[in-house]
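Here's the structure, in structure tokens; my notes come after.
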Amino acid sequence: NDIKKYKSDRKISLWVMLVCIIGGLLLYFVFSFRGWGYLWLFATVVWTSIILVKCSYRITRIKGKIKNLNAEK
1482 NDIKKYKSDR KISLWVMLVC IIGGLLLYFV FSFRGWGYLW LFATVVWTSI
1532 ILVKCSYRIT RIKGKIKNLN AEK
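Its first residue numbered 1482, the sequence shown is counted upward by one per residue in the numbering used here.
Take a look at the structure:
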């Protein structure tokens, strides 16, 4: 049950990451014509790194739970 949840969480986090990266790039291209490109690029990098850190933290926590479950068996 936990493993299924872990896999779906990973899928969701990957999709969120993709959407953020693509959205950030689109914003970058739209705003780069007006000189706002670097701001958006910076914002996108910060945003994706925050999401990555959150996801990796969650994944390691879930991995720890799975290890504990296996140890109990």
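Yeah, the Cβ is synthetic: ideal placement off N, Cα and C, and Gly gets one too.
- Between the alpha carbons of A1524 and I1502 lies a gap of roughly 11 angstroms.
- If you check the CB distance, W1521 and L1508 come in under 7 angstroms.
- For the pair K1548 and L1506, the Cα-to-Cα distance works out to about 38 angstroms.
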